[in-house]
Amino acid sequence: MLTLHHLRIGRSIFTVWLAEELELDYQIQEYLRNPETMRAPATLKNVNPLGRSPAIEDDGMVLCESGAITCYLLEKYDPDHKFSPRRTDLQAWAEYMQWLVYPEASVFAPLFMRMLAMRSAEAKPFLESYSAPEIALHFGHIANKLAGNEFILGDNISGADFGISYVIGLGERLGAIADYPTLTAYLARNRARPAFVRALARGVE
Ligand SMILES: N[C@@H](CCC(=O)N[C@@H](CS)C(=O)NCC(=O)O)C(=O)O
């Protein structure tokens with residue numbers, strides 16, 4: 003059976019949400035962060051050498067990186083392409099891939115800088131002078147794309163919505179989305195989906 007290694011608090015709840023959208027048969031292995039360092043427990047390194055979550059085990063294979071896990075799960079468990087365009091529609095697929103990799107590749111870094119600055123006992127003006135305009139750039143970009151759309155690619159949910167929801171949720175925790183009602187509404191809509199509610203019942207955020 004598919005095993006999903008889920009570290010609280012973090013991005014893996016969005017993989018649990020995807021598993022629920024796909025109505026997969028899976029089990030969750032849950033990990034708690036060290037409350038002082040906020041790092042993952044060493045046991046996660048028994049799963050993958052980087053000790054990162056999400057990670058999945060399926061058919062004897064261990065896979066990390068949330069975007070790669072999304073692609074794998076959809077390739078295997080979404081043969082009708084309800085959550086991604088077919089590659090034969092090359093432009094639609096390329097746009098989908100762009101939005102799928104964008105959260106981890108571009109949006110996360112300035113959010114992480116803010117998180118570290120907020121956790122630091124001393125002010126970090128250099129970090130904040132870089133991260134604040136970058137966060138505004140990315141959240142403005144996502145809000146523009148979402149304007150009038152229910153999901154990032156239009157009327158239908160896709161694999162790209164899981165990572166986008168993660169970075170917006172992180173932005174919410176960091177107090178960075180108050181100026182973007184479009185993002186707040188998108189997050190609320192996604193969290194209200196039955197699959198997300200089921201995900202939260204199985205693996206707390
Ligand atoms: N780019 C990776 C990032 C994975 C990652 O860093 N996950 C965090 C949890 S949200 C983690 O495992 N952190 C462990 C630690 O910092 O000790 C992905 O998209 O999966």
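Under our numbering, read the sequence shown as residues 3 to 207, first letter to last. Note that CB positions come from ideal geometry on N, CA and C, so glycine has one too. Computed from a predicted structure; not experimentally measured.
Same chain, Cβ closer than 7 angstroms to residue i, neighbours up to 5 away in sequence not counted
i: GLY12; result: SER55
i: TYR182; result: PHE141 and ALA145
i: THR186; result: ILE179
First and last residue of the uninterrupted beta strand (DSSP E) at residue i
i: GLU32; result: 28-34
i: THR5; result: 4-10
Cβ pair residue i, residue j closer than 7 angstroms
i: ILE137; j: PRO112; result: yes
i: LEU57; j: HIS7; result: In the sequence under discussion, the amino acid at residue 57 is Ala, which differs from the Leu named in the question. Yes, the Cβ-Cβ distance between ALA57 and HIS7 is below 7 angstroms.
i: LEU76; j: SER86; result: yes
i: PHE16; j: PHE141; result: no
i: ALA201; j: TRP19; result: yes
i: ARG121; j: LEU176; result: no
i: LEU34; j: ARG10; result: yes
i: ASN50; j: CYS66; result: yes
i: THR184; j: LEU139; result: no
Extent of the continuous alpha helix (DSSP H) run through residue i
i: TYR182; result: From DSSP, TYR182 is part of no alpha helix (DSSP H); its letter is neither H nor E.
i: THR17; result: 14-23
i: VAL49; result: Neither: VAL49 is in no alpha helix (DSSP H) and is coded neither H nor E.
i: ALA201; result: 196-204
Close-in-space but distant-in-sequence residues of the same chain around residue i (CB under 8 angstroms, 5 per side omitted)
i: LEU4; result: ALA21, LEU26, ASP27, TYR28, GLN29, ILE58, GLU59 and ASP60
i: GLU23; result: PHE85, ILE159, ARG195 and ALA197
i: ASN151; result: ASP157
i: THR72; result: THR17, LEU20, LEU102, GLY161, PHE164 and GLY165
i: TYR74; result: ILE58, ASP60 and LEU65
i: THR90; result: none
i: ARG204; result: VAL18, GLU22 and ILE30
Proximal residues to residue i (C-beta, below 6 angstroms), its chain only, five neighbours per side dropped
i: ALA178; result: ILE137
i: ARG14; result: It is worth fixing the name first, because residue 14 is Ser in this sequence and not Arg. So the qualifying residues of the chain are HIS8, SER55 and PRO56.
i: VAL199; result: none
i: VAL216; result: A query on residue 216 cannot be resolved here, the shown segment of the chain reaching from 3 to 207 and no further.
i: PRO43; result: TYR33
Q.
My parser needs the alpha helix (DSSP H) runs of 4 or more residues fully inside the segment 60-98; what are they?
A. 68-79
Start-end ranges of the alpha helix (DSSP H) lying completely within the segment 98-179, minimum 4 residues:
110-121, 127-148 and 162-175
Review point. If we count Cβ pairs, one from each stretch, closer than 8 angstroms, do we get three or more for the segment 101-112 versus the segment 162-169?
Key: yes
Is the segment 181-193 touching the segment 111-131 in the sense that three or more CB pairs, one from each, lie closer than 8 angstroms?
no
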